[in-house]
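Please read the structure below before turning to the comments.
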Amino acid sequence: MTIRDSAIAKLQQLPEPLLQEVSDFIDFITQKHLAKTAESQPDEKLVEAWLKWFGGVDQLEVTTAEPSNKQLRPFGLCAGEFTVPDDFDTPNSKENDWWLKVAGSFENDPTFDEAVRLGQEWRNSAE
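In terms of numbering that gives the first Met the number 0, the sequence shown opens at residue 0 and continues consecutively.
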């Protein structure tokens, strides 16, 4: 007895209310299988684009680099021109934070307030 024959025999013994559930499940697994099949098959346009790209790559001529007559720069050519301070990795102190000096400098400035208003108006018009 095949699987199909066995399934049909079981279906014939089921009461009518359960047959609807079985039918719904068959529809579900059929759709699931169709979706997997569709996902596994690549889009034809995409396949064509890749084939065209690979065809172009296959036609490229591969050449070896010609030895250059350029003289390489010696290591350390700029030695001594740049110095890194010893405290380079330490966080800046508050006195070196430029933004603390600038913060609040436009308070009560009508020109700055107008620039902010125009900027907000422009951003809101883009929405």
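Using N, Cα and C, we set each Cβ at its ideal position, and we do this for glycine too. Bear in mind that the values here come from a model prediction, so they are computed numbers and not experimental data.
Asked                                                        : Found
D86 versus K51: straight-line alpha-carbon distance, rounded : 56 Å
Span of the alpha helix (DSSP H) around K45                  : Checking the displayed sequence, the identity of residue 45 turns out to be Leu instead of Lys. Its alpha helix (DSSP H) spans residues 43–57.
Simplified DSSP state of D26, which is helix, strand or coil : helix
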